[in-house]
Amino acid sequence: MTDRVSADREARIRRALEHLRNDTTDQVDKIEPFEAAEFTDPVLAARERDLVFGRVPSIVAHGSELPKTYDFKTIRMPRNNVIISRQKDGGVKAFVNLCRHRGALLEEESCGKRRLFSCPYHRWSYDIDGSLRTITRDNTVGEVDRTTLGLVELPCEERHGFVWIVDRVGAPIDVAGWLGEEFDEILSGYELGSLHCVREEGFDEPVNWKIMQDAFLDGYHIQYAHPNTAGKIIHTNIMAFEDFGSHARFVAPRKTIDRWLEEDPGDESLVNYVTETHFLGPNSTLLKQPDHFQLLTFRPHHSDPARSVMEMRLIVPSPEKAGIEQAKWERLWEKNWQILLDVLHAEDFPVLRASQRGMSSRDSGPMLLGRNEVANHLFRRTIQRLLAESDEEVTGAP
Ligand code: FES
Ligand SMILES: [Fe+2]
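Going by full-length UniProt numbering, the sequence shown opens with residue 1, and the numbers climb by one from there.
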């Protein structure tokens, strides 16, 4: 880490400490009203699938989940069922998970290793680069141009250790461009590609994806929804925030920082006294803990606005890098993972399911985002901007 980067981080942490001393937090200029339809309207949900996920890159895996040639994963994206597959040249490709004969789902497993993808229906098979390898009983099928019958490829790029996809055939992909120079540099400083995804799980929840994402950008609910867990560790409603357009970074002080409330820390590093959160637009939260990262990803259901999938990943240094033996390393992360799961299932999910039920009232009345809910404002603005810009592209209207 450069001196400039660490000095900058220490300055942001001191700003959070100052907020804590004064019982303040970063704020946006004004309260923002919103309506329940943002989380229930099927027409808006369809526009988000096309104009957000079909347009900008979002993370679908960490590279260590498919480290070797022939490794694959399948994902239900908002628009397409997708296979991602590690290639012979070390790259990753993404395809629509569908057989080009009569459309059967080509791969049913969620992950594994395949030298070729073989369709369960009539056994047509495809190479891992997507090209059509075999048409069974081809003398009876008739003349077809095999070069046009490969798997449909989706834009895919590996960057900062993650695999990113734009969920629309033929769309351009430029992860660095989407992140912007500064945010791209921040992520590169974390060397996430050298880490290991030790646990990964998806949760299908009866909740709109934006309600889910909002909760994991929210520093205001901690002591109320998590009084005996996170609320004991992290201060509530204290945030030092930085805006990177469609992305953001903010620090929240841990309770251990209280020892510096009265005392001046001087040049002492305060990095271990905070949690640093990143919003990777459009749909991920990356939490930087002192010794590891946690990635949370939120994806809309392919048709129902009131459903989504959250994926959680624990991304950690290898045992060698951490300097601990394998068995101890396993136990450490298993324990960590179980704590995260317990909080999600016992505390976050019930509150969020209830939010979705709340939003289903036809006469909900307007609601609001407070000036203190800074990261939620940025998330909402990002999605609204993408929808508006896409309208411009489609209609030519300003
Ligand atoms: S649908 Fe796949 S081989 Fe027929
Ligand atoms: Fe929470």
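Backbone N, C-alpha and C define an ideal beta-carbon position, used for all residues, glycine too. Quick caveat, the model's predicted, so the values are computed rather than measured.
Where does residue i sit, in a helix, a strand or coil, going by DSSP?
i: H226; result: coil
i: Q294; result: strand
i: S188; result: helix
i: P350; result: helix
i: W164; result: strand
i: N376; result: helix
i: R249; result: strand
i: E48; result: helix
i: K255; result: helix
i: V198; result: strand
i: A16; result: helix
i: I234; result: strand
i: A215; result: helix
i: P33; result: strand
i: E263; result: coil
i: D41; result: coil
i: D3; result: helix
i: D363; result: coil
i: A240; result: strand
i: D23; result: coil
i: D8; result: helix
i: D342; result: helix
Pick out whichever of the options has its Cα sitting closest to the Cα of residue i.
i: R49; options: N283, E373, R249, E35; result: N283
i: N336; options: M367, G358, D348, Q289; result: Q289
i: R362; options: A36, E32, R14; result: A36
i: R294; options: K68, R307, H278; result: The sequence given here places Gln at residue 294; Arg does not occur at that position. Taking only the C-alpha atoms, the option nearest Q294 is H278.
i: A104; options: F117, G202, K113, D8; result: F117
i: G63; options: G161, D267, R9, V152; result: G161
i: H345; options: F203, E107, W209; result: F203
i: T136; options: I128, W124, Q384; result: W124
i: K321; options: Y121, L296, H292; result: H292
i: E157; options: D243, E182, I59, G180; result: I59
i: R307; options: P78, L17, D3; result: P78
i: T236; options: L332, Y126, E373, E200; result: E373
i: R115; options: E201, D71, C99, F250; result: D71
i: G177; options: P366, F244, E268, D264; result: F244
i: K88; options: L98, K113, H101; result: K113
i: S364; options: D267, H302, T40; result: T40
i: E65; options: S110, P57, Q338, V166; result: S110
i: R380; options: K328, V52, S6, R4; result: V52
i: V351; options: H221, Q27, K232, S303; result: H221
i: R259; options: R133, D304, I128, L17; result: L17
i: residue 433; options: R254, S355, I128; result: Nothing about residue 433 can be read from this structure; the chain reaches only from 1 to 398.
i: T2; options: T134, I186, P57, L149; result: I186
i: residue 412; options: A327, G370, E38, P319; result: Since the first residue shown for the chain is 1 and the last is 398, residue 412 is missing from the structure and cannot be characterised.
i: S6; options: E389, D267, Q384; result: D267
Hey, would you say residue i sits closer than 8 Å to residue j, going by beta carbons?
i: I234; j: A252; result: yes
i: G189; j: S246; result: no
i: T25; j: I238; result: yes
i: D317; j: L192; result: Sequence check: residue 317 is Pro here, not Asp. Contact flag unset, no.
i: V343; j: T256; result: no
i: A375; j: A248; result: yes
i: P206; j: R353; result: yes
i: M212; j: M312; result: no
i: F298; j: W164; result: no
i: N81; j: V92; result: no
i: I84; j: K68; result: no
i: L368; j: P42; result: no
i: C197; j: I31; result: no
i: T285; j: L179; result: no
i: L261; j: T275; result: no
i: V175; j: R199; result: no
i: A45; j: P300; result: yes
i: residue 479; j: L387; result: With the chain represented from 1 up to 398, any question about residue 479 goes unanswered, as that position is not in the structure.
i: Y121; j: L151; result: no
i: L154; j: A94; result: yes
i: R15; j: A240; result: yes
i: L132; j: C119; result: no
i: residue 400; j: L149; result: The first residue shown for the chain is 1 and the last is 398, placing residue 400 beyond what the model contains.
Inset, instruction - Within the segment 266 to 340, note down every full beta strand (DSSP E) run reaching 3 residues or more, in order along the chain. - result: List check, beta strand (DSSP E) in window: 274 to 280, 284 to 288, 293 to 300, 308 to 316.
Inset, instruction - Any chance you could list the alpha helix (DSSP H) runs of at least 4 consecutive residues sitting entirely within the UniProt domain "Rieske" (58 to 165), in chain order? - result: Taking only runs of at least 4 residues, the alpha helix (DSSP H) segments lying wholly in the UniProt domain "Rieske" (58 to 165) are 138 to 141.
Inset, instruction - Closer than 5 Å is what we want: which residues have a beta carbon that near any heavy atom of ligand 1? List them in chain order. - result: Working through the chain, the matches are C99, H101, R102, A104, C119, Y121, H122, W124.
Inset, instruction - List in chain order the residues whose CB is within less than 6 Å of at least one heavy atom of ligand 2. - result: A215, H221, A225, H226, D348
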